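To convert, note that position 547 of the sequence shown is 595 in my numbering; the numbers rise steadily by one, no gaps.
Glycine included, each C-beta is placed from N, C-alpha and C at the ideal position.
Just so it is clear, the structure is predicted and the values come from calculations on it, not from any experiment.
One structure is given here, and the rest of the page talks about it.
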Amino acid sequence: MRDEKSGKRSVGKMPKGRTKLERAWESRAELFLWAKKWRTVLSGSFVRGTTRWFSGARLNITENCLDRHLPLQSDKVAIYWEPNDPDGKGISLTYGELSRAVGRMANVLLSQGVKKGDFVCIYLPMIPEAAIAMLACARIGAVHNFVFGGFSAKSLSDRINDCGARVLITCDVSLRGPKKIDFRVLAEQALAECPKVKKVLFVENGTKRKPLPSLFVSLNKELAKASPICAPTLIGAEDPLFVLYTSGSTGRTKGLLHAAGGYMVYAGYSFNEVFNYQPKEVYWCTADMGWITGHTYSLYGPLLAGATVVMFEGVPTYPTPKRYWEIIEKYRVNIFYTAPTVIRALAAFGPDQVKKLKLKSLRLLGSVGEPLNQEAWHWYHHYIGKGRCPIVDTWWQTETGGILISPPSGGLTKPGSVGLPLPLIDTAIVDSNGKEVRKAGVSGYLCVKGPWPGLAKTILNDSARFVKGYFSKIKGYYFSGDAAWRDSDGYYFVSGRVDDVMNVSGQRIGSAEVENALCLHPDVAEASVVSYRHEIKGEGIYAFIVLKRDRLDADLLREELVVAVARSIGPTAKPGKIQIVTGLPKTRSGKIMRRLLRRLAAGESCVGEDLSTLTDQNVIVDIAKGIVGEK
Ligand code: PRX
């Protein structure tokens, strides 16, 4: 704790009357640098979704990620950046160098008129500038809105417009395996729909081509001129640090807003609890910065701990499926955190590619984003962890800010289980009547009973949706939207979403978003989308389509629909199966019964389902006849 005026450390007396939970979080918070201490640790109401953490405190998270480490480890590597091309030149940035790079970028942002509280959209691939831009925004108190590079121009413009960003940071190209993705063109397409954007700060990472449009400013040139020193702007603990968009069960994506103080404490706390990082270790989380895992565990969490992280531009299969394992050997990675879809995709290449790997440096393996099935767990454990590295399968969400459930560090791990709630986290399984399920083996809604500092503050521009979505369904609890059960040791097993949100390759995609995209096609009258089990992606997307007019060229139509979805959302949202049907199963009130479609898509019959509310039961019979099988 530092006094704002004198700059001296001042821990201050703890006011009386704090609960045990508040005292526990206070002691965690005291491990960080704050310019001004909080008046209250926790206030507001958890059950109404209005908790406030560390009110009255002032801070800058980058002081904790960077400045705090400089006296003792300015020369320690903060980021090893590995380019897409295995023969390309990597970059390593020490804490000192990263701090100066952030200073330069922060000064460029200031010179372009960005102020505290302004939203800045970042649309970058996994290049060092992605991390630097996020930290630079945080340095000056601007709120970053990072948009994943795999999203379409339309998704980008929607996200820019929703937060009202006037500045976009992007680049020329993204290199992903053999593919070159033209970010400049995507950004230009998006900007046509974003009249409020006044400046585009542009990383010139491609080959020179047509001159930059007038809105564009070359970041390379500006950074070369900028001073590396930029004093941190202090913000309130409850002021926003970033907004990150994710899918919900309606068509509109939601911008989860995270506040600086609580998020910082939870990112740092959970990183240490789960990974138990040791000073000389190298840590690699493969998540793109465009996801919450990228925010919390590729960037903020490890930098708060002064860790050395690996950042990789490319994809796991380029130039060969050994790429990840070669990177682990090259940088002697000790802690490796990735997604089940990656594990399954690499396992599919067979055991020969991994048999001879040494991977001696590895100490701990992690997984996140979707259920890690037993087969993938054993493959990961046997071939990558060589039977000696524990696996932490971690459960959490964009909303929770950080990991809430994980096998205890150094404790028991069980294949298929995400372990136990972290200390200070109070999770529960609740039935549809709001009663807690305590019996082992009985499934229910995965909920959280009490507050933690990582929880998002709200949904940007829609606080009613935040309260309704997370705090109204089960009174008194935070409702995650997932189903889970516990075994007799209290270990949690997450079975998946209970709402209309799908999880494709670990990415959240709302059924309604895909349906909206499909309905934009002029020949589509109606669409309903569900997920089906997919060997590699976890879930694939199955679309049922009702047409306005007959199309004899059904294959061409399917292609058009796939392209339409990719354009509207991004390639991950492309339906794997499309079935043209004469009608959808609807109740008399007009509601589509996705539950039935899910069963049909899984190749199951609807026998035993209550079909009495359906307007036309023949629809089910017709659909069942035309179910699209595995290709
Ligand atoms: O369904 C759960 C699944 O991913 C959802 C959260 O997605 P997102 O906000 O994009 O964040 C992903 C990374 C934190 C959850 O509601 N999920 C996340 N982790 C796991 C998981 N499902 C099973 N096991 C996990 N370890």
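- Query: From L289, R116, I229, D123, pick the residue whose C-alpha is nearest to that of L508; which is it?
  - Reply: L289
- Message: Measuring only from the beta carbon, is G342 closer than 7 Å to any heavy atom that is part of the ligand PRX?
- Response: no
- Own chain residues within Cβ distance below 7 Å of L311, not counting five before or after: In the sequence as displayed, the identity of residue 311 is Tyr instead of Leu. L289, G449, G502.
- Query: Would DSSP call R66 helix, strand or coil?
  - Reply: coil
- Query: Between which two residues does the beta strand (DSSP E) containing G414 stretch?
  - Reply: 412-416
- Task: Have a look at N45 and L394 and give me their C-alpha separation to the nearest angstrom.
- Result: No answer is possible for residue 45: the residues shown for the chain start at 49 and end at 679.
- Task: Using alpha carbons as the reference points, say which of T218, G212, D166 lies closest to A181.
- Result: T218
- Message: Quick check: the Cα distance between K56 and K84, rounded to an integer number of angstroms?
- Response: Only weak support exists for where K56 lies, its pLDDT of 42 falling under 50; the coordinates are left without a value.
- Query: Thinking just about the alpha-carbon of each residue, which of V291, Y379, R599 is nearest to the one in Y331?
  - Reply: Y379
- Message: Suppose you measure from the CA of L739 to the CA of K258; what does that come to, to the nearest Å?
- Response: Because the chain spans 49 through 679 in this model, residue 739 falls outside it and cannot be assessed.
- Item | Start-end ranges of the beta strand (DSSP E) lying completely within the region 593-658, minimum 3 residues | 625-629
- Element boundaries [beta strand (DSSP E), containing G558]: 555-558
- Message: For a test of your reading of the model: does the CB of S415 fall under 7 Å from any non-hydrogen atom of the ligand PRX? Yes or no.
- Response: yes
- Helix, strand or coil: which one does DSSP assign to L472? coil
- Query: CB-CB under 6 Å to G708, same chain, minus the five flanking residues each way: which ones, in chain order?
  - Reply: Because residue 708 is not part of the residues shown, which for the chain are 49 to 679, the question remains open.
- Query: Distance, Cα to Cα, L494 vs G197?
  - Reply: 31 Å
- Under 8 Å, do V156 and L260 count as touching if we go by C-beta distance? no
- Does the ligand PRX have a heavy atom nearer than 7 Å to the CB of E587? no
- Message: Using only CA atoms, which one of G151, V125, R152 lies nearest to S140?
- Response: V125
- Message: Report the start-end ranges of each alpha helix (DSSP H) in the region 482-550 that is 4 residues or longer and not cut off at the edges.
- Response: 511-515
- Helix, strand or coil at L225 [DSSP, three-state]: According to the sequence as given, residue 225 is Gly; it is not Leu. G225: coil per DSSP, three-state reduction.
- Through-space distance from A240 to G524, alpha-carbon basis: 44 Å
- Query: For P455, is the beta carbon positioned less than 7 Å from some heavy atom of the ligand PRX?
  - Reply: no
- Message: Measuring CB atoms only, is the region 131-150 touching the region 302-311, in the sense that at least three cross pairs come out at less than 8 Å?
- Response: no
- Own chain residues within Cβ distance below 6 Å of S222, not counting five before or after: P173, G197, I229, F231
- Task: Tell me whether Q422 counts as near the ligand PRX, meaning its Cβ is closer than 7 Å to at least one heavy atom of that ligand.
- Result: no
- Item | Close-in-space but distant-in-sequence residues of the same chain around K370 (CB under 7 Å, 5 per side omitted) | Q401
- Message: So for A238, helix, strand or coil by DSSP?
- Response: helix
- Task: Would you be able to state if there are at least three C-beta pairs under 8 Å between the region 70-85 and the region 110-120?
- Result: yes
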